[in-house]
Each structure stands twice: as structure tokens, then as C-alpha cells.
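These notes concern the structure reproduced below.
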Amino acid sequence: MKNTFFFCPALLFALLALAGAAHAQAPPVRGAVQDAAGQGLPFATVLLLHLPDSAVAASQTTTPQGAFQFEQVAAGRYCLKALALGYAPGRVAVAVGSQPVVVPPLRLPAAATTLKEVVVRGRPPLLEQHADRTVVNVDRLNTTGDNALEMLRKVPGVTFDKDEHIVYRGSGSVLVLLDGKPSYLSGEALSNYLKSLPASAISQVELLPNPPASLDAAGTAGVINIRTRRSARPGLSGTATLSGGYGRYGRGRAGANLAYNLGRVRAFGRADFWHAPTYNSLTITRLIRDTTFTQHTYW
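Here it is in C-alpha cells:
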């Protein structure tokens, strides 16, 4: 028993040392986005891009003071790109090793002219900046097998609270539109609907931090408009999807979209089946002198 007493702390120390070494290999990258006068730009979009292919490694929005921080970034060469409405984009190259990286402030000059509508040909980018909104093209996100709620977790600036309610720009007061029309859903009802909607049925997500008065969004942090895929071809058309996965339990999704287009008259319908059982697991381990107690709880 005496040998065991000295062995356990040594083993615990070794595990902590290994965990610390692993954490040190993936340091954070932090910095700030400012205007030309050095004032922090709140809610600017910051993209962490791999070099040389410019693939999106991570994205987030700045704090109300203009700060940002990417946690546990793998070693390599990156480019930080900052975007903010009314300002020209800013870029800086970053090399990440084993130590935390503090990036000099990204200062964005004011845009010289107001951009008109841009027609994008070919493969659209992940983010499109317009005068009054940011458009996220869902095709550029990795959403295979996801539902709409899981897809929104990957949209910059959108998070969820512990009850899976949408939080935008740090506030839970947000107006959600479906194809430009109010969803009339909120809280748990909205979360359940988004879980039933496959990400493959969504083409774009529009983020409006300062919505026009016509949307009646007074008192909210902004508007999130979810645009679904609609067929523009004449006649009857449709798509079918089937996906599955396996964790502790299996999950699967089957769905079908049908559209009927006769010029000015269009009809659209969708049916989905989703099966994804879940569970909660809690493990508590206590070490009291030379005795270990472990408790597992499932519900």
C-alpha cells in the first residue's frame, strides 16, 4: 500500500506534464482589429486561412473592444484576414510555432466608395460583404450530414447558449427569417425546427447587424435570414438525400425536396425523417490518499 501511495502522485504528475506539453504545441493566436485612428472595431469578422491554399481554418467575430483570439492553433503558416462593414479588408501573415502569437493590430482604412451589388461567377467565397449584410455561402462550409442548427454553429458570429438558443453578437434577442419571412418561432420551438431541417436544403445565411425598419427588428441584436434552395427550372423537379453516422448510437436522415415551377406560379415542398438518439454521461473520479473512487452516471 505504501508503494502505491508514492506511485499515484508520480503518475498524475507525468500525465499533467504530457497534457501541458500537448497544449503547448497548439498555442493561441490573439490580436485586435482597429480603424485608422486606432479605435477597436467591434463585431468584425476575422478569418484564419491556411497558406498557401487559403483554406478557412477557423473564423470568429471580434469583441466589443475589437479583440479576437483563436485557441490551440496547429503549427504552420497562416494568413489573418479581417472584414468589417464600411472598411477595406486587412491581411497579415502569421507563423505559428510552439509559443503564443500576438499579432500587431490590424488597422482597416475606411472604404473609399460604397460598393454596389457584386455578381459572383463561378464558386462563391465563404463570406460576401454587402453594404447592409454579410452573406455566408453554405456550400463552402463542411456540413455533410448536418442539420440546420449544427450548420449555424459554424457561421461566424452565431453561437448558442446552454439551451441551444441562438445567440448573435452576444445577445439572445435575434429575429430569424426563413426566405425573408418571419419564422414566428423562438426558443426551443425554433431549435427543434432547425434540427429537423437538413443543412443541404440551405443555400445561404444572411447576417444583418443593422436591419432596415421594414423588418420590424427593433430591440434585437440583428437579423438572421436563412435562405433555402429553390429550383428555377420550369416544370417538376426535386432532390433526395440520405445520410447516416454512428457514435455511441447510430443516426440517420432521409429527405426529399419537390418544386413545381410555372413561371409566376411556384410551389415548393419538403419532407424529412431524422433519427438521432442521444444520451448524457457523467464520470466523477476521486483520489483519496491511496484509494480511487469512480462514479458513472447515464441518463
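If you read the sequence shown in this note's numbering, its first letter stands for residue 2, the second for the next number, and so on.
Every residue, glycine too, gets a C-beta built ideally from N, C-alpha and C.
In whole angstroms, give me the CA-to-CA distance for Val-136 and Leu-50.
18 Å
Beta-carbon within less than 7 Å of Ala-22's beta-carbon, same chain only, minus the 5 sequence neighbours each way: which residues are those?
With a pLDDT of only 46 at Ala-22, under the threshold of 50, the placement of this residue in the model should not be trusted; the figure read from the coordinates follows. Cβ within range, chain order: n/a, list empty.
Take the Cβ of Glu-189 as the centre, count every other Cβ of all protein chains shown within 10 Å, and call the residue buried at 16 or more, exposed below.
exposed
Start-to-end residues for the alpha helix (DSSP H) that takes in Ser-215:
Looking at the DSSP string, Ser-215 is not in any alpha helix (DSSP H), and its letter there is neither H nor E.
Relative to the C-alpha of Lys-82, which residue among Ile-227, Glu-72, Leu-52 and Ala-214 is closest?
Leu-52
Local Cβ density within 10 Å of Glu-207, reported as buried at 16 or more and exposed below that:
buried
If we ignore side chains and look at the alpha-carbon of each, how far apart do Ala-85 and Asp-36 end up?
10 Å
Give a yes or no on contact between the segment 197 to 206 and the segment 124 to 143, applying the rule of three or more CB pairs nearer than 8 Å.
yes
6 Å CB neighbourhood of Leu-142 in its chain, flanking five on each side removed:
Lys-155
Cα separation between Lys-196 and Asp-147?
9 Å
Does the beta-carbon of Val-103 have 16 or more other beta-carbons within 10 angstroms, so that it is buried, or is it exposed?
exposed
Could you pull the DSSP bridge partners for Leu-195 from this structure?
In the DSSP output, where bridge partners are listed per residue, Leu-195 has none listed.
Min CB distance Gln-296 to chain C below 8 Å
Going by chain labels, chain C is absent from the structure shown, which holds only one protein chain.
If you draw a straight line from the alpha carbon of Ala-241 to that of Thr-145, how long is it in whole angstroms?
14 Å
Terminal residues of the beta strand (DSSP E) in which Glu-207 lies
203 to 209
Should His-24 be labelled buried (16 or more other beta-carbon atoms within 10 Å of its own) or exposed?
Bear in mind that a pLDDT of 45 at His-24, under 50, signals an unreliable position, so the model cannot answer this.
For Thr-46, does the count of other Cβ atoms within 10 angstroms reach 16, so buried, or fall short, so exposed?
buried
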